[in-house]
Amino acid sequence: MPVEPFATLASAPDPLLDELALAMAGDLREVDADGALAKLDDLAAQLAPAAG
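Residue numbers (my numbering): 41 to 92.
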């Protein structure tokens with residue numbers, strides 16, 4: 041998944057926090073967006089039972 045530049049996402053209405061974080065990192069270096077998003081999904085799945 042290509043990462044949009046941070047300035048593009050930051051100027052959009054209601055950007056997603058995970059995409060903003062990846063865009064900031066992508067402005068500094070190459071990122072594995074698919075891998076990072078998959079890891080975030082895994083972590084969210086682990087926390088879901090605690091959230092009720």
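Note that CB positions come from ideal geometry on N, CA and C, so glycine has one too. It should be emphasised that the depicted structure is a prediction, and the values quoted were computed from it without experimental measurement.
Non-local C-beta neighbours of M41 in its own chain, meaning closer than 7 Å and more than five positions away in sequence, comprise A73, D74, ordered along the chain. Cβ atoms of L57 and L49 stay farther apart than 8 Å, at about 10 Å. Under a 10 Å Cβ-count criterion, A85 is classified as exposed, with fewer than 16 other Cβ atoms of the shown protein chains found around its own Cβ. Taking a C-beta distance under 8 Å as the contact criterion, A78 and V71 do not qualify as a contact pair.
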